[in-house]
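Residues in the sequence shown are numbered from 397 upward in steps of one, following our numbering. No residue lacks a Cβ here, since even glycine has one placed at the ideal position from N, Cα and C. A short write-up of the structure that comes next.
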Amino acid sequence: MNTKEAEKTKVLVINGPNLNLLGTREPEVYGSQTLVDVQQQLISLSQPYNLEVDFVQSNAEAELIEAIHEARNAVDFIIINPAAYAHTSIALRDALAAVSIPFFEVHISNIYRREKFRHFSYLADIASATLSGFGTYGYSLAMLAIINQLPRN
Numbered sequence: 397m398n399t400k401e402a403e404k405t406k407v408l409v410i411n412g413p414n415l416n417l418l419g420t421r422e423p424e425v426y427g428s429q430t431l432v433d434v435q436q437q438l439i440s441l442s443q444p445y446n447l448e449v450d451f452v453q454s455n456a457e458a459e460l461i462e463a464i465h466e467a468r469n470a471v472d473f474i475i476i477n478p479a480a481y482a483h484t485s486i487a488l489r490d491a492l493a494a495v496s497i498p499f500f501e502v503h504i505s506n507i508y509r510r511e512k513f514r515h516f517s518y519l520a521d522i523a524s525a526t527l528s529g530f531g532t533y534g535y536s537l538a539m540l541a542i543i544n545q546l547p548r549n
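Encoded structure:
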């Protein structure tokens, strides 16, 4: 690995169930941007800062947990939209706690303006921050928070 590559800060962006349908699923709640649109925005935002950004989306909880495990000792930050798993998955919480990677929890909709069961997140109290209700811009806000933590030249 060359020196320039070694200096890159690595960010893993994880998306949970049904986010593969972003742009067509309930656009009145989630907007019209697709997951590919979000990924392109994050890549554009991160390029000037020498960040390496990888993306994972799965509807399967076990695959998300495996991605988190694989990130251990390889990734500096995680941005995660756990989708409905925020409200149900202790296993996802345990995986994030086990790898000790700072992470930002993102929800496209304002979970506190929705059904009562969505008001609680198993991840929120161990997240560096939780962004809810900013639409897909929440991903960019999480990336900006990461950029803000990078060492200044």
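Asked: Is it buried or exposed for R509, if we count other Cβ within 10 angstroms and need 16 for buried?; Found: exposed
Asked: How is the beta strand (DSSP E) around V495 delimited, first residue to last?; Found: V495 -> not in any beta strand (DSSP E); alpha helix (DSSP H) instead, spanning I486 to V495.
Asked: So, V502 versus G529, is the Cβ gap smaller than 7 angstroms?; Found: no
Asked: In whole angstroms, what is the alpha-carbon distance linking N416 and R548?; Found: 35 angstroms
Asked: Taking 7 angstroms as the limit between beta carbons, can you name the residues of its chain near L524, skipping five residues before and five after?; Found: The question names Leu, yet the displayed sequence has Ser at residue 524. The answer, listed in chain order, is P498, F499 and F500.
Asked: Can you tell me whether A479 is buried or exposed? The criterion is at least 16 other CB atoms within 10 Å of its CB, across all chains shown.; Found: buried
Asked: Kindly indicate the opening and closing residues of the beta strand (DSSP E) around S517.; Found: Here S517 belongs to no beta strand (DSSP E), and DSSP marks it neither H nor E.
Asked: Go ahead and pull the three-state DSSP assignment for S505.; Found: coil
Asked: Taking contact to mean at least 3 C-beta pairs separated by less than 8 angstroms, is the stretch 403-422 in contact with the stretch 469-487?; Found: yes
Asked: If you pair each beta-carbon of the stretch 510-518 with each one of the stretch 481-496, do three or more pairs fall below 8 angstroms?; Found: yes
Asked: Could you check the C-alpha separation between Y445 and I543 for me, to the nearest Å?; Found: 7 angstroms
Asked: Compute the distance between the beta-carbons of V449 and S442, then report whether it is under 7 angstroms.; Found: yes
Asked: Below 7 angstroms between beta carbons: does that hold for L431 and L447?; Found: no
Asked: Which whole-angstrom value describes the C-beta separation of I439 and N477, a residue pair presumed to lie in contact below a C-beta threshold of 8 angstroms?; Found: The Cβ separation is near 17 angstroms, so there is no contact.
Asked: Can you say whether V425 is buried or exposed, counting buried as having 16 or more other CB atoms within 10 angstroms of its CB?; Found: exposed
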